[in-house]
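Visitor: With the working numbering applied, the sequence shown corresponds to residues 44 to 261, in that order. Even for Gly, the Cβ is constructed at its ideal location relative to N, Cα and C. All values derive from a computational prediction rather than experimental measurement. Just dropping this structure here.
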Amino acid sequence: MRYEDFYTVRQSGSPIYQPLLLNDQQIEQVSEFPYLGSIISKDKGGTDRHVAERIKEARGAFGTVNTVWRSTANSNNTKIRIFNINVKSVLLYGCETWKLSKTIIYQLQFLVNRCIRRILKIFWPVQISNQELQARAKQKPIELEIRQRKWRWLGHTLRRPAIDIAKAALEWNPQESDPVADPEQHGTEQSLKRLDTKVKHGMKSKYSPVIASYGETL
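Now the structure itself:
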């Protein structure tokens, strides 16, 4: 892998940090970059930009098979299957990690509904509700489908071995060392006193269960 293939992104509002070095060369810091079909961005993790790119790609995929949608040789069921495989899979690629919002759900559902109306040749002045349209095409609401994919992906990840990097990344919770109640930095008796002060003020520490169990045995 070339040095030019490495980038870093600093999250908006995060403090300034020392630049990262690789083989004594500073890694370029950018506002966003593509990675495995996703957009990594400093703003909201890049979900908005990623969804915009997915919508653009899905529109392109839909347009490449216009002859199929116009064809009278294929049934509507066949066309819907082609839509699910060639277009919807492109649209929802990587949706398991998206941070959903009402705007994103509306944009995705709007595109799906528009494509299905064109496939089924439902144009003005014919009017049907979106619910009836989804029933005819045997489509789930886009929000429900994304949530089901999220749960399915979560189940696959949780069933991985404990040493698997995907499971480790899912459970990773970066925390700074707690100088107030850290028995490794302070004596145990002193840490118990500090912890007691924190509890009185409604504060919690990642070392609280450890110190509390140790205090019960004293």
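Measuring straight from C-alpha to C-alpha, what distance separates Lys249 and Val94?
Guide: Note on Lys249: pLDDT 46, under 50, position unreliable in the model; no value is reported.
Visitor: Check the C-beta distance from Val180 over to Leu163 and give it rounded, since I have them as a contact under 8 angstroms.
Guide: Per the sequence presented here, residue 180 reads as Ala, with Val not at that position. At roughly 7 angstroms, the Cβ-Cβ gap stays under 8 angstroms, so Ala180 and Leu163 are in contact.
Visitor: Leaving out five residues before and five after Cys138 in sequence, what residues of the same chain have Cβ atoms less than 7 angstroms from its Cβ?
Guide: These residues qualify, in order along the chain: Ile189 and Arg192.
Visitor: According to DSSP, is Glu139 helix, strand or coil?
Guide: Note: Glu139 maps to helix in three-state DSSP.
Visitor: What is the rounded straight-line gap between the Cα of Tyr149 and the Cα of Lys131?
Guide: Straight-line Cα distance between these residues: approximately 15 angstroms.
Visitor: Report all residues from its chain with a CB closer than 8 angstroms to the CB of His199; omit the five preceding and five following residues, and keep chain order.
Guide: Result list for His199: empty, nothing under 8 angstroms.
Visitor: Grouping DSSP H, G and I as helix and E and B as strand, with all else coil, what is Gln170?
Guide: Coil.
Visitor: Taking DSSP as the reference, what is the three-state secondary structure of Gly68?
Guide: It is worth fixing the name first, because residue 68 is Gln in this sequence and not Gly. It is a strand residue.
Visitor: Would Phe182 be called buried (16 or more neighbouring beta carbons within 10 Å of its own) or exposed?
Guide: Contrary to the premise, residue 182 reads as Gln rather than Phe in this sequence. Flag for Gln182 reads buried.
Visitor: For Thr90, count the other beta carbons within 10 Å of its own beta carbon; 16 or more makes it buried, fewer makes it exposed. Which is it?
Guide: The residue in question, Thr90, is buried, as its Cβ has 16 or more Cβ neighbours within 10 Å.
Visitor: Using the Cα positions of Asn112 and Gly103, report the straight-line distance between them to the nearest angstrom.
Guide: The amino acid occupying residue 112 in the given sequence is Trp; Asn does not appear at that position. In a straight line, the C-alpha of Trp112 is about 14 angstroms away from that of Gly103.
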